[in-house]
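These notes concern the structure reproduced below.
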């Protein structure tokens, strides 16, 4: 079994989900005989977000790169960033990573293409909605990406940064997000919505969303769990 390295803390709630889900899923795959080895480098969320807000991408890349270096030194054999926003500097740091470095945008876009989607909505932090580091992976596959209007982008960002990042899920917020998605469906004909922040699944899912959800965290965890991340024959159940 390969050791998994997670750059976490951005935010803490999603990092917990990655840790718990990888343990649960891999234990199930092994028939209850094994759990994965996981190292987590937990970043200071506010420090990372300050770099993003000030567009200090070189500083952010250095901060994330140090975390990745620490994970590699710990023996990690596959690495992932547990937040979509941190992928704004993915390309800057990926060129110096010598082990598999699983990308959220690429994994999510591959999933959307496999579903045959042509037009999707995108919710996330304001940076995710306004920059192209997530959407370009979809666009390159011929999938149109729609975001809410500027005022709504601010609203969605506030609900993420002031509530969901801290594990707070209010019914009123769920209803607001549902309304945002419904408006994008009515106005732009979206077929699905990208939950482009790893905290959004705390509030939204296929059961309460007006359109199917492309849950980037779920898809990312799937990619980390899949057999390609494991050494063949390490235990029964893994081909």
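Residue numbers (my numbering): 51 to 289.
By construction, the Cβ of each residue, glycine as well, lies at the ideal position given by its N, Cα and C atoms.
Distance from residue 51 to residue 108 at the Cβ level is roughly 35 Å; contact not present, criterion being Cβ atoms closer than 8 Å. Scanning the region 53-117 from its first residue to its last, the whole beta strand (DSSP E) runs of 3-plus residues come out as 54-58 and 88-92. When the alpha-carbon of residue 253 is set against those of 98, 164 and 206, the nearest one is in 206. Selection 143, 138, 121 and 221 evaluated against residue 155 yields 138 as nearest (Cα-Cα). According to DSSP, residue pairing for residue 194 in a beta bridge involves 169. Taking a contact to require three or more Cβ pairs closer than 8 Å, the region 205-219 and the region 51-64 qualify as touching. Rounded to whole angstroms, the Cβ separation of residue 171 and residue 135 is 18 Å, and the two are not in contact under 8 Å. With fewer than 16 other Cβ atoms from the protein chains shown falling within 10 Å of its own Cβ, residue 204 counts as exposed. Contact check between the region 177-190 and the region 148-168: three or more CB pairs, one atom from each, fall below 8 Å, which counts as touching. For residue 130, DSSP records a beta bridge to 56 and 152. Bounds of the alpha helix (DSSP H) holding residue 201 are 200-212. In the pairwise beta carbon analysis, the region 96-111 is classified as not touching the region 69-76: fewer than three pairs are separated by under 8 Å. With 16 or more neighbouring CB atoms inside 10 Å of its own CB, residue 177 falls in the buried class. Residue burial annotation: residue 83 is exposed, with fewer than 16 other C-beta atoms found within 10 angstroms of its C-beta.
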